[in-house]
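Participant: Can you read through this structure? Questions will come right after.
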Amino acid sequence: MSVSSIVDWVNVSSSPLSSDDLVAWAVRPECGAVVTFCGTARSSSTTGHEIQALEYETSVELAEARIAEVVATARERWPELGAVAIHHRVGVVSLTEPAVVVAVSSPHRQEAFEAAQFCIDTVKRCVPMWKREIWEGGSAWSEEAQPILSVEDV
Amino acid sequence: MSVSSIVDWVNVSSSPLSSDDLVAWAVRPECGAVVTFCGTARSSSTTGHEIQALEYETSVELAEARIAEVVATARERWPELGAVAIHHRVGVVSLTEPAVVVAVSSPHRQEAFEAAQFCIDTVKRCVPMWKREIWEGGSAWSEEAQPILSVEDV
Amino acid sequence: MARLLLLGPAREAAGVRNDVIDGDTVALVLQHCVTRYGDAFAAVLAASQVWVNGEVADGDDPVAANDEVAVLPPISGG
Amino acid sequence: MARLLLLGPAREAAGVRNDVIDGDTVALVLQHCVTRYGDAFAAVLAASQVWVNGEVADGDDPVAANDEVAVLPPISGG
Chain A
0 MSVSSIVDWV
10 NVSSSPLSSD
20 DLVAWAVRPE
30 CGAVVTFCGT
40 ARSSSTTGHE
50 IQALEYETSV
60 ELAEARIAEV
70 VATARERWPE
80 LGAVAIHHRV
90 GVVSLTEPAV
100 VVAVSSPHRQ
110 EAFEAAQFCI
120 DTVKRCVPMW
130 KREIWEGGSA
140 WSEEAQPILS
150 VEDV
Chain B
0 MSVSSIVDWV
10 NVSSSPLSSD
20 DLVAWAVRPE
30 CGAVVTFCGT
40 ARSSSTTGHE
50 IQALEYETSV
60 ELAEARIAEV
70 VATARERWPE
80 LGAVAIHHRV
90 GVVSLTEPAV
100 VVAVSSPHRQ
110 EAFEAAQFCI
120 DTVKRCVPMW
130 KREIWEGGSA
140 WSEEAQPILS
150 VEDV
Chain C
0 MARLLLLGPA
10 REAAGVRNDV
20 IDGDTVALVL
30 QHCVTRYGDA
40 FAAVLAASQV
50 WVNGEVADGD
60 DPVAANDEVA
70 VLPPISGG
Chain D
0 MARLLLLGPA
10 REAAGVRNDV
20 IDGDTVALVL
30 QHCVTRYGDA
40 FAAVLAASQV
50 WVNGEVADGD
60 DPVAANDEVA
70 VLPPISGG
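For the record, the sequence lines run as chains A, B, C and D. Mapping of the first sequence onto numbering that gives the first Met the number 0: position 10 corresponds to residue 9, and the numbering continues sequentially without gaps. Mapping of the second sequence onto numbering that gives the first Met the number 0: position 18 corresponds to residue 17, and the numbering continues sequentially without gaps. Mapping of the third sequence onto numbering that gives the first Met the number 0: position 47 corresponds to residue 46, and the numbering continues sequentially without gaps. Mapping of the fourth sequence onto numbering that gives the first Met the number 0: position 37 corresponds to residue 36, and the numbering continues sequentially without gaps.
This is the structure in structure tokens:
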């Protein structure tokens, strides 16, 4: 776990994720809005199989550093933000469990929505994280893979 | 409580709100995205006082019917949506507690973000709900009130 | 007799949330409300919407026995 | 000796996640990797980014002892 400050919370680990934990942490007396995004393992796949689970692989150190860059960039673009938390699981994530959770608080809701969407869009493009699709009797890396982008290129 | 179908969950009550309850309910095997919005009681006010709590007043029946209209309109605009839940508290809501929670699931995240934002924007403009600001030694209705809009006018 | 539902600032100005009141149009019901609740209520009413049985109503609309006439002041969604 | 970190499909193609390997530039380290891990690894490497100590690196960049050279194939964020 890497808590880079009292207002940023970046974490990559194999522990199950709870959106309530992030919401409870992100709430601030001066912030009336908390927007969260949960990315859950879903059944349809890039390889045409009925997915049972996803397996995520990364370097925790490299992934946490990149996610911290995403958070820092979001703060530059939306200076009003209160708290920003981004947690990503590694290892096996069963169908319907969250693999990634983003939570953003701010005084008003418009910037919380915009920043939360920026965070998840940028995490998906810029954080080194490989996803294996697991089905009955087999598994494979997700298709449609793209080169990792730098955060400033998003 | 009014559960209008297995995919819509509209509720106006004095019970505390939990975003995890809504996320857990909104997750679907075919939906990879759940976006939630929590509107929490915040300290700054329209009347210049340091707020300690908000008190919401409505007719549960009228409010739930209007919220159900909001959900139905979101489904017309974003037919891909999975589950949609909108819960609103009535009565006293202490500082930092959620007064309203929206949760939307969908196969992909773009429509979940758009629909969640539409839902909360439209609830704020179209649902009969009066907010009293409570501070040390006094209280008053929120200022900057606007006439209730019809959902089709948003 | 219509069933009256007064919410938020309308409830506060009238001093009651629920009441029963005479009148076979919306305009007549509201006229009787102003007589009963006075000027503070009239001021709130001037900026309010009126719904009958959950639908937005005009002054000319008829009101039957047991219809719910709701007075809905402006809201501060925030 | 540089510390090698192979992730996702690069780890799979090489059969190892961590290794130590000779070379004082990125290009030389990668050349030694291809020699050690073979064609399947070379194919993955051709589409991959290389980071040294967490920063994007080019073939000409120097590699010192204990530097971490990471091979990062394309990602499928979804």
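For each residue, glycine too, the CB sits at the ideal point set by N, CA and C. Predicted model, so just to flag it, every value in this text is computed and none were measured.
Applying the criterion that 16 or more other CB atoms from any shown protein chain within 10 Å of the CB defines a buried residue, is residue 88 of chain B buried or exposed?
Facilitator: Locating residue 88 of chain B in the second sequence gives position 89, where the first residue counts as 1. Residue 88 of chain B is buried by the Cβ-count criterion.
Participant: Rounded to the nearest angstrom, what separates residue 99 of chain A and residue 44 of chain D at their Cα positions?
Facilitator: Working through the first sequence from its first residue, we reach residue 99 of chain A at position 100. Working through the fourth sequence from its first residue, we reach residue 44 of chain D at position 45. Whole-angstrom Cα-Cα distance: 27 angstroms.
Participant: Using a threshold of 9 angstroms, state whether the C-beta atoms of residue 28 of chain D and residue 22 of chain D are closer than that.
Facilitator: Walking along the fourth sequence from the start, residue 28 of chain D turns up at place 29. Walking along the fourth sequence from the start, residue 22 of chain D turns up at place 23. For residue 28 of chain D and residue 22 of chain D, yes; Cβs fall inside 9 angstroms.
Participant: Mind checking whether residue 161 of chain B and residue 71 of chain C have CB atoms under 9 angstroms apart?
Facilitator: The first residue shown for chain B is 0 and the last is 153, placing residue 161 of chain B beyond what the model contains.
Participant: Can you pull out the residues from the stretch 71–100 of chain A whose beta carbon lies closer than 7 angstroms to at least one beta carbon of chain B?
Facilitator: Listed in sequence order: 94 and 95.
Participant: Within 10 angstroms of the Cβ of residue 65 of chain D, are there 16 or more other Cβ atoms? Answer buried if so, exposed if not.
Facilitator: Translated into positions along the fourth sequence, residue 65 of chain D becomes position 66. Looking at its Cβ environment, which holds fewer than 16 other Cβ atoms inside 10 Å, residue 65 of chain D is exposed.
Participant: Along the chain, where does the alpha helix (DSSP H) that runs through residue 20 of chain A open and close?
Facilitator: Your numbering for residue 20 of chain A matches position 21 in the first sequence. Looking at the DSSP string, the run of the alpha helix (DSSP H) that includes residue 20 of chain A is 18–25.
Participant: Would residue 15 of chain B pass as an interface residue toward chain C - the criterion being a Cβ-Cβ separation below 9 angstroms?
Facilitator: Taking the second sequence and counting its residues from 1, one reaches residue 15 of chain B at position 16. Chain C contact via Cβ: absent.
Participant: Going straight from the alpha carbon of residue 63 of chain D to that of residue 64 of chain A, what length do you get?
Facilitator: Position 64 of the fourth sequence, counted from the first residue, corresponds to residue 63 of chain D. Position 65 of the first sequence, counted from the first residue, corresponds to residue 64 of chain A. About 21 angstroms.
Participant: If you draw a straight line from the C-alpha of residue 0 of chain A to the C-alpha of residue 57 of chain A, how long is it?
Facilitator: The residue given as residue 0 of chain A occupies position 1 in the first sequence. The residue given as residue 57 of chain A occupies position 58 in the first sequence. Because the pLDDT at residue 0 of chain A is just 45, under 50, the model does not fix this residue reliably, and the value given afterwards should be weighed accordingly. Straight-line Cα distance between these residues: approximately 14 angstroms.
Participant: According to DSSP, residue 58 of chain B sits in a beta bridge with which residue or residues?
Facilitator: On the second sequence, residue 58 of chain B is found 59 positions in, with the first residue counted as 1. DSSP, once it has assigned bridges, lists no residue as partnering residue 58 of chain B.
Participant: Use the C-beta contact count for residue 58 of chain C: other C-beta atoms within 10 angstroms, 16 or more gives buried, fewer gives exposed.
Facilitator: Along the third sequence, read from residue 1 onward, the residue named residue 58 of chain C stands at position 59. Label assigned to residue 58 of chain C: exposed.
Participant: With residue 144 of chain A and residue 46 of chain A assumed to form a contact (beta carbons below 8 angstroms), what rounded beta-carbon distance in angstroms separates them?
Facilitator: For this step, residue 144 of chain A is matched to residue 145 along the first sequence. For this step, residue 46 of chain A is matched to residue 47 along the first sequence. Not quite, the Cβ-Cβ distance comes to about 12 angstroms (not below 8 angstroms), so this is no contact.
Participant: Is residue 64 of chain C helix, strand or coil by DSSP?
Facilitator: On the third sequence, residue 64 of chain C is found 65 positions in, with the first residue counted as 1. Residue 64 of chain C: coil per DSSP, three-state reduction.
Participant: Less than 9 angstroms between the beta carbons of residue 19 of chain B and residue 84 of chain B, yes or no?
Facilitator: Reading the second sequence from its first residue, position 20 is the one you call residue 19 of chain B. Reading the second sequence from its first residue, position 85 is the one you call residue 84 of chain B. Cβ atoms of residue 19 of chain B and residue 84 of chain B: not closer than 9 angstroms.
Participant: Could you tell me which residues DSSP puts in a beta bridge with residue 130 of chain B?
Facilitator: Counting from 1 along the second sequence, the entry for residue 130 of chain B is found at position 131. According to DSSP, which records beta bridges pairwise, residue 130 of chain B is partnered with B:55.
Participant: For residue 69 of chain C, return the contacting residues in chain B, with the cut-off set at a CB-CB distance below 9 angstroms.
Facilitator: In the third sequence, the residue the question calls residue 69 of chain C occupies position 70. In chain order: 58, 61 and 127.
Participant: Work out the CA separation of residue 69 of chain D and residue 61 of chain D for me, nearest whole Å.
Facilitator: Here residue 61 of chain D refers to the residue found at position 62 when the fourth sequence is read from its first residue. Here residue 69 of chain D refers to the residue found at position 70 when the fourth sequence is read from its first residue. Their backbone Cα atoms lie some 14 angstroms apart in a straight line.
Participant: Hey, does residue 42 of chain B have any beta-carbon neighbour from chain C nearer than 9 angstroms?
Facilitator: On the second sequence, residue 42 of chain B is found 43 positions in, with the first residue counted as 1. No, residue 42 of chain B does not count as interfacial toward chain C.
Participant: Just curious, the alpha helix (DSSP H) that residue 145 of chain A is in, first and last residue?
Facilitator: Locating residue 145 of chain A in the first sequence gives position 146, counting from the first residue. From DSSP, residue 145 of chain A is part of no alpha helix (DSSP H); its letter is neither H nor E.
Participant: What are the boundary residues of the alpha helix (DSSP H) that includes residue 30 of chain A?
Facilitator: The residue you call residue 30 of chain A lines up with position 31 of the first sequence. Segment: none, residue 30 of chain A is in no alpha helix (DSSP H) and carries neither H nor E.
Participant: How would you write the range of the beta strand (DSSP E) that residue 7 of chain B sits in, first residue to last?
Facilitator: Numbered from 1 along the second sequence, position 8 holds the residue referred to as residue 7 of chain B. Element bounds for residue 7 of chain B: 7–12.
Participant: Report the three-state DSSP secondary structure of residue 21 of chain C (helix, strand or coil).
Facilitator: Numbered from 1 along the third sequence, position 22 holds the residue referred to as residue 21 of chain C. It is coil, neither helix nor strand.
Participant: Which residue comes first and which comes last in the beta strand (DSSP E) that contains residue 44 of chain C?
Facilitator: The sequence position of residue 44 of chain C within the third sequence is 45, counting from 1. It is not in any beta strand (DSSP E) - residue 44 of chain C instead sits in the alpha helix (DSSP H) that spans 38–45.
Participant: Report the rounded CA-to-CA distance for residue 43 of chain A versus residue 32 of chain D, giving the unit in angstroms.
Facilitator: Numbered from 1 along the first sequence, position 44 holds the residue referred to as residue 43 of chain A. Numbered from 1 along the fourth sequence, position 33 holds the residue referred to as residue 32 of chain D. Roughly 36 angstroms between the two C-alpha positions.
Participant: In terms of alpha-carbon separation, which member of B:35, B:50 and B:48 lies closest to residue 22 of chain B?
Facilitator: Start at 1 with the first residue of the second sequence, and residue 22 of chain B comes out as number 23. Cα-wise, what sits closest to residue 22 of chain B is B:35.
Participant: Check for me: the alpha helix (DSSP H) holding residue 108 of chain B runs from which residue to which?
Facilitator: Taking the second sequence and counting its residues from 1, one reaches residue 108 of chain B at position 109. Per DSSP, residue 108 of chain B belongs to the alpha helix (DSSP H) from 108–125.
Participant: Using C-beta distances below 6 angstroms, list every residue in its chain close to residue 72 of chain A, excluding the 5 sequence neighbours before and after it, in chain order.
Facilitator: On the first sequence, position 73 is the one that residue 72 of chain A refers to. Within the same chain, residue 72 of chain A has close Cβ partners 150.
Participant: Could you check whether residue 135 of chain A and residue 48 of chain A sit closer than 9 angstroms to each other, using their CB atoms as the reference points?
Facilitator: Reading the first sequence from its first residue, position 49 is the one you call residue 48 of chain A. Reading the first sequence from its first residue, position 136 is the one you call residue 135 of chain A. It is a contact, given that the beta carbons lie within the stated cut-off.
Participant: Residue 74 of chain D touches chain A at which residues, Cβ-Cβ below 7 angstroms?
Facilitator: Locating residue 74 of chain D in the fourth sequence gives position 75, where the first residue counts as 1. The answer, in chain order, is 127, 128, 129, 144, 145 and 147.
Participant: Step through the CB atoms of chain B and report whether any lies within less than 9 angstroms of the CB of residue 141 of chain A.
Facilitator: Translated into the one-based positions of the first sequence, residue 141 of chain A becomes position 142. So no, residue 141 of chain A is outside the interface.
Participant: To the nearest angstrom, how far is it from the Cα of residue 37 of chain B to the Cα of residue 97 of chain B?
Facilitator: Numbered from 1 along the second sequence, position 38 holds the residue referred to as residue 37 of chain B. Numbered from 1 along the second sequence, position 98 holds the residue referred to as residue 97 of chain B. Distance between the alpha carbons of residue 37 of chain B and residue 97 of chain B: 6 angstroms.
Participant: So is residue 61 of chain D in contact with chain A if we call contact Cβ pairs under 9 angstroms?
Facilitator: Looking up residue 61 of chain D in the fourth sequence gives position 62. False, the Cβ-Cβ gap to chain A never drops below 9 angstroms.
Participant: Report all residues from its chain with a CB closer than 8 angstroms to the CB of residue 116 of chain A; omit the five preceding and five following residues, and keep chain order.
Facilitator: Against the first sequence, residue 116 of chain A aligns to sequence position 117. Within the same chain, residue 116 of chain A has close Cβ partners 36.
Participant: May I have the straight-line CA-CA distance separating residue 10 of chain C from residue 17 of chain C, to the nearest angstrom?
Facilitator: Locating residue 10 of chain C in the third sequence gives position 11, where the first residue counts as 1. Locating residue 17 of chain C in the third sequence gives position 18, where the first residue counts as 1. Approximately 8 angstroms between the Cα atoms of the pair.
Participant: Given a cut-off of 9 angstroms, decide if residue 24 of chain B and residue 114 of chain B are closer than it, judged by their beta-carbon atoms.
Facilitator: Numbered from 1 along the second sequence, position 115 holds the residue referred to as residue 114 of chain B. Numbered from 1 along the second sequence, position 25 holds the residue referred to as residue 24 of chain B. In this structure, residue 24 of chain B does not lie closer than 9 angstroms to residue 114 of chain B by Cβ.
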